[in-house]
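**Q** Below is one structure. I have some questions about it.
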Amino acid sequence: MAEWISTALKAQDRGEEYPFAVVQADGRVIGSTRYMDVQEAHRGVEIGWTWYAPDTWGTVINPECKHLMFQHAFETWGAVRVVLKTDSLNLHSQAAIKKLGAKYEGTLRNHRIRLDGSLRDSVVFSVIASEWPAVKAALAARL
Numbered sequence: 006m007a008e009w010i011s012t013a014l015k016a017q018d019r020g021e022e023y024p025f026a027v028v029q030a031d032g033r034v035i036g037s038t039r040y041m042d043v044q045e046a047h048r049g050v051e052i053g054w055t056w057y058a059p060d061t062w063g064t065v066i067n068p069e070c071k072h073l074m075f076q077h078a079f080e081t082w083g084a085v086r087v088v089l090k091t092d093s094l095n096l097h098s099q100a101a102i103k104k105l106g107a108k109y110e111g112t113l114r115n116h117r118i119r120l121d122g123s124l125r126d127s128v129v130f131s132v133i134a135s136e137w138p139a140v141k142a143a144l145a146a147r148l
C-alpha cells in the first residue's frame, strides 16, 4: 500500500494525476480514486484507479465520489468528456460504472499487461457533457 500511495503522489507532483483518499467521518480510509489522463486541449479526463473496501461495495460511497468528481470535471474544468476504464474480467466494476450512467464505448484489446504477465482487455465507458445533467440527477437521487 505504501508503494501505491508513493506512486500516486509522485504522479500528482508531476501534474499527471490527481489522487484522492476516500475517508469516512471516523477517519477510516475506505478507498481511493483519481483523475488521470487530463487533456486540457481536448477538455477530457479519465477517472480511474478506483478501489473501495469490500464492506462499502453496494453503498452510496462510489456514486457519491463519482458525483463529486463528475461535477468538478464538467462544472469547474469545463470537461466535454469523462472516461472510465476497467479490466474486461472485472464484471463487478463494469456493473458499477454502468450504474453511474456511463455509456459503453468499446473494448481495447490487449490494452495492458497485468501484474501476472497476462494481457488485459480494457472496457471503456464515458459520460459526455450533454449527458451530464441526466447523469447528475440520477446520481443525486441515489444519494
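Under my numbering, the first residue of the sequence shown carries the number 6, and numbering increases by one thereafter. Think of the CB as a built atom: it goes at the ideal place given N, C-alpha and C, for glycine as much as any other residue. Note that the structure is predicted; figures quoted are calculated from it, not measured.
1. In or out: Pro1 buried (at least 16 other Cβ within 10 Å) or exposed?
2. So what's Thr55 in DSSP terms, helix, strand or just coil?
3. Between Ala145 and the rest of its own chain, which residues show a CB-CB distance below 8 Å, the 5 nearest in sequence each way excluded?
4. So, with DSSP's three-state summary, where would you put Leu14?
5. Which stretch, first to last residue, makes up the beta strand (DSSP E) that contains Met41?
6. DSSP on Val149, reduced to helix/strand/coil?
7. Quick check: the stretch 69–83 against the stretch 44–55, are there 3 or more CB pairs under 8 Å?
8. From the DSSP output, in three-state form, read off Leu124 for me.
9. So Ile35 and Thr61 are supposed to be a Cβ contact under 8 Å. How far apart are they, rounded?
10. Quick check: the Cα distance between Leu89 and Val132, rounded to an integer number of angstroms?
**A** If we stick to the structure as given:
1. Residue 1 cannot be examined here, being either before or after the span of the chain that is shown, 6 to 148.
2. Within the sequence shown, the letter at position 50 stands for residue 55. Reduced to three states, the DSSP call for Thr55 is strand.
3. Position 140 of the sequence shown, counted from the start, is the residue given in the question as residue 145. The beta carbon of Ala145 sits closer than 8 Å to the beta carbons of His72 from its chain, once the five residues preceding and following it are set aside; these are given in chain order.
4. Here the question's residue 14 lines up with position 9 in the sequence shown. In the structure shown, Leu14 sits in a helix (DSSP, three-state: H, G or I).
5. Looking up residue 41 in the sequence shown gives position 36. Segment 34–44, the beta strand (DSSP E) holding Met41.
6. A question about residue 149 goes unanswered here, because the residues of the chain that appear run from 6 up to 148.
7. Touching, yes, given that three or more Cβ pairs across the two stretches are closer than 8 Å.
8. Residue numbering aside, residue 124 sits at position 119 when the sequence shown is read from its first letter. In this structure, Leu124 counts as strand in the three-state DSSP scheme.
9. Here residue 35 refers to the residue found at position 30 of the sequence shown. Here residue 61 refers to the residue found at position 56 of the sequence shown. Right, the Cβ-Cβ distance comes to about 5 Å (below 8 Å), so this counts as a contact.
10. Along the sequence shown, one-based indexing puts residue 89 at 84. Along the sequence shown, one-based indexing puts residue 132 at 127. The alpha-carbon atoms of Leu89 and Val132 are separated by roughly 9 Å.
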